[in-house]
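Novice: Residue numbers (the working numbering): 350 to 903.
Here you go, one structure.
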Amino acid sequence: MSPVLAGVLQLLALVAALGLSYRPLGDHMARVYSSEKHLRPEKWIYKAIGANPSVEMRWPAYLRGVLAFSAVSVLFLYLLQRVQGALPGSLGFVSIDPDQAFNTAASFVANTNWQSYYGEQAMGHVVQTGGLAVQNFVSAAVGMAVAVALVRGFARSRTGELGNFWADLVRGVVRILLPMAVIGALVLVACGAIQNFSGIHEVGQFGGGTQQWNGGAVASQEVIKELGTNGGGYFNANSAHPFENPNGLSNLFEIYLILVIPFALTRTFGRMVGSLRQGYAILGTMAAIWIGFTALMMWTEFAGNGPAFELAGGAMEGKETRFGIAGSSLFSVATTLTSTGAVNSFHSSYTGFGGGITMLGMQLGEIAPGGVGSGLYGMLIMAVIAVFIAGLMVGRTPEYLGKKIGTREIKFAACYILVTPALVLCFTAASFVLDTPSHSMTNSGAHGFSEILYAFTSGANNNGSAFAGLNADTQWFNSTIGIAMLLGRFLPMVFVLALAGSLAEQTPVPETAGTLRTEKPLFTGLLVGTIMIIAGLTYFPALALGPLAEGLAA
350 MSPVLAGVLQ LLALVAALGL SYRPLGDHMA RVYSSEKHLR PEKWIYKAIG ANPSVEMRWP
410 AYLRGVLAFS AVSVLFLYLL QRVQGALPGS LGFVSIDPDQ AFNTAASFVA NTNWQSYYGE
470 QAMGHVVQTG GLAVQNFVSA AVGMAVAVAL VRGFARSRTG ELGNFWADLV RGVVRILLPM
530 AVIGALVLVA CGAIQNFSGI HEVGQFGGGT QQWNGGAVAS QEVIKELGTN GGGYFNANSA
590 HPFENPNGLS NLFEIYLILV IPFALTRTFG RMVGSLRQGY AILGTMAAIW IGFTALMMWT
650 EFAGNGPAFE LAGGAMEGKE TRFGIAGSSL FSVATTLTST GAVNSFHSSY TGFGGGITML
710 GMQLGEIAPG GVGSGLYGML IMAVIAVFIA GLMVGRTPEY LGKKIGTREI KFAACYILVT
770 PALVLCFTAA SFVLDTPSHS MTNSGAHGFS EILYAFTSGA NNNGSAFAGL NADTQWFNST
830 IGIAMLLGRF LPMVFVLALA GSLAEQTPVP ETAGTLRTEK PLFTGLLVGT IMIIAGLTYF
890 PALALGPLAE GLAA
């Protein structure tokens with residue numbers, strides 16, 4: 350079987366698996382977030398944290414809950430790393446330095462999971478399972494809660510109430526993420542991923558010598574790392590490590606985990622707003638971009654020019670032979686079009702255009718299908734922008750799902766789409782203006798520029814994957830990327846919740862003959878065009894200096 354055919358068959362199998370999961374999972378999540386009942390374990394949690402899950406919140410109160418919970422999470426994870434040397438199960442590792450502890454705490458709480466350290470050489474069992482793995486669950490649940498709050502803003506009228514943050518957070522963990530993670534962990538263990546609390550072992554190497562390996566609760570962390578679109582690996586090699594991703598079957602299963610909740614949330618959206626066709630329109634937009642990027646990535650990596658590429662069957666440098674170009678391309682597109690950050694190959698080794706595709710996927714806002722929760726609310730913001738543009742074209746007040754998109758709403762949406770590019774481009778520029786940061790680059794020229802551009806693109810967009818080649822474990826990058834991760838995560842949430850509150854207060858507008866039909870393919874095409882134009886106008890100059898210049902010079 351040719352590698353190209355194998356890649357096509359993997360893509361078809363993945364689409365089939367996602368299609369089979371779409372309806373039951375999407376409907377289940379709609380029931381979870383619409384239910385008025387509380388499970389007994391949930392009641393115990395509410396009592397422990399002193400929360401009343403039945404109290405409805407307006408958007409400022411909902412936002413305070415998000416920020417307060419996240420601030421406490423950052424502080425807890427930071428302190429846990431700082432005292433690691435005194436904890437049991439530390440495997441002899443010392444406490445983490447302050448700048449790296451801050452970077453890691455910000456990273457995992459912001460659902461970014463950027464790692465400027467070697468996981469197997471820095472973090473013991475307690476920090477890995479009691480700190481990082483816990484944040485993998487709750488940071489994903491925070492993103493889902495914010496998305497559901499925005500959906501309620503569209504679904505409700507004449508009220509500013511968006512639900513209860515604590516109820517949405519707990520339900521997301523207890524009823525959605527935790528059951529799916531348990532099942533997924535069993536599948537990964539069956540595929541060969543490890544799950545233990547063993548210490549460090551000396552292992553003999555082929556040809557002589559020894560190497561140190563340590564075990565850990567890898568399968569359980571691996572599954573929520575993908576399912577919650579987190580991305581932080583137990584080992585430095587991430588999902589290229591055989592303990593995390595043993596074979597081709599586990600590789601395809603992990604890609605499925607990355608995509609299944611973000612895609613299914615579009616059906617949850619359709620259910621909650623009372624129109625499944627609206628959910629299908631958002632799904633169609635996400636799917637069109639994802640399939641297009643996947644096809645383009647496979648073509649770019651299989652069609653590398655030169656005798657070395659031809660002998661290797663494509664651009665195999667930096668890719669695992671277990672997965673090949675097809676499995677690596679599928680994984681890289683899935684991880685950069687979502688806020689996952691897991692990698693099973695090294696994006697720095699991709700062709701110039703291939704590396705540019707991974708960057709552009711993040712720069713779109715990671716909305717196809719995007720992160721758990723963040724992908725849906727990011728796409729809905731773009732839908733608001735699209736109907737506003739359509740309204741300008743035909744000379745009428747734009748409407749979406751029966752809500753008028755006025756000056757206030759468009760200001761919130763505009764602020765949302767401006768935050769992340771400002772962080773990426775300003776921090777990238779500062780890194781080249783100052784003398785010290787550029788010393789962290791392994792390469793010079795266009796590829797070196799791409800290393801730094803990718804780092805801030807990944808951090809500010811809450812992705813967490815690395816281009817490789819950049820020494821990011823410095824005070825400058827630990828601090829600035831940490832700031833970019835926090836601002837890139839929580840500032841957009843401010844505008845999302847403010848928009849949700851504004852929409853929920855409105856009185857529904859009756860549909861007329863002039864209303865734009867946002868459930869039609871025409872709107873899906875308009876939405877895809879809006880996304881590509883906004884990202885292109887924003888990032889094209891930077892991309893031209895990096896991956897485009899490298900690709901054209903090859």
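Ideal placement from N, C-alpha and C gives every residue a C-beta, glycine not left out.
Quick caveat, the model's predicted, so the values are computed rather than measured.
#1: Compute the beta-carbon to beta-carbon distance between S688 and N811, rounded to the nearest angstrom, for a pair I have assumed lies under 8 Å.
#2: Starting from W825, trace the alpha helix (DSSP H) in both directions and tell me its first and last residue.
#3: For S547 and A771, I'd like the C-alpha separation in whole angstroms.
#4: I need the straight-line Cα distance from L518 to P447, nearest angstrom please.
#5: Please state whether DSSP places H788 in a helix, a strand or coil.
#6: Between G479, N600, G577, which has its C-alpha nearest V536's C-alpha?
#7: Mapping the DSSP letters down to three states, classify Y749 as helix, strand or coil.
#8: Checking the sheet assignment: what are the DSSP bridge partners for E910?
#9: With C-beta atoms as the reference, is T879 less than 9 Å away from A630?
#10: Name the two residues that bound the continuous beta strand (DSSP E) containing P563.
#11: Could you tell me the distance, in whole angstroms, from the CA atom of A891 to the CA atom of E669?
#12: So, L576 versus L526, is the Cβ gap smaller than 9 Å?
#13: Please list the terminal residues of the continuous alpha helix (DSSP H) segment that includes Y803.
#14: Out of T700, M665, S694, I640, which has the shortest C-alpha to C-alpha gap to L299?
#15: Whole angstroms are fine: how far does the CA of V538 sit from the CA of N585?
#16: CA-CA distance, D376 and G628?
#17: Would P595 pass as a contact of A542 if the rule is Cβ separation under 9 Å?
#18: Quick check: what's the CA-CA separation for P841 versus E551?
#19: V432 by DSSP, collapsed to three states: which one?
#20: CB Y382 to CB R505, shorter than 9 Å?
#21: Determine whether the beta carbon atoms of E510 and R407 lie at a separation below 9 Å.
#22: Pull up the distance between the alpha-carbon of A735 and that of V522, whole angstroms please.
#23: Note down the Cα distance separating A498 from G724, rounded to an integer number of angstroms.
#24: Any contact between the stretch 428 to 440 and the stretch 780 to 788? By contact I mean 3 or more CB pairs, one from each, below 8 Å.
#25: I'd like to confirm something about L354: is its beta-carbon nearer than 8 Å to some heavy atom of the ligand MN, or not?
#26: With a Cβ-Cβ cutoff of 9 Å, do M647 and I674 count as a contact?
#27: Can you list, in chain order, the residues of its chain whose CB lies under 8 Å from that of P390, leaving out five sequence neighbours each side?
#28: Scan the stretch 720 to 747 and note each continuous alpha helix (DSSP H) run of 4 residues or more that stays entirely inside, going in chain order.
#29: Please name the residue or residues paired with H550 in a DSSP beta bridge.
#30: Helix, strand or coil for K396 per DSSP?
#31: Should R372 go down as buried or exposed, given a rule of 16 or more other Cβ atoms within 10 Å for buried?
#32: Let me know if G414 comes out buried or exposed under the rule of 16 or more other beta-carbons within 10 Å of its beta-carbon.
#33: Looking at the secondary structure, which residues open and close the alpha helix (DSSP H) in which T643 lies?
#34: May I ask you to report which of helix, strand or coil DSSP gives S694?
#35: According to DSSP, is L901 part of a helix, a strand, or is it coil?
#36: Ignore the nearest five residues each way along the sequence and tell me which others in N587's own chain have a CB closer than 6 Å to its CB.
Specialist: The relevant details are as follows:
#1: 5 Å
#2: 824 to 853
#3: 45 Å
#4: 29 Å
#5: helix
#6: N600
#7: strand
#8: The displayed coordinates of the chain run from 350 to 903. Any statement about residue 910 would go beyond what the structure contains.
#9: no
#10: Reading off the sequence shown, one finds Asn at residue 563, where the question assumed Pro. From DSSP, the beta strand (DSSP E) with N563 extends over 559 to 563.
#11: 30 Å
#12: yes
#13: 794 to 809
#14: This structure cannot settle anything about residue 299, because the visible part of the chain is limited to 350 through 903.
#15: 20 Å
#16: 12 Å
#17: yes
#18: 47 Å
#19: coil
#20: no
#21: yes
#22: 33 Å
#23: 14 Å
#24: no
#25: Ligands are entirely absent from the displayed structure, and the ligand MN is therefore not among its contents.
#26: yes
#27: V523
#28: 723 to 743
#29: W562
#30: helix
#31: exposed
#32: buried
#33: 625 to 651
#34: strand
#35: helix
#36: A691, V692
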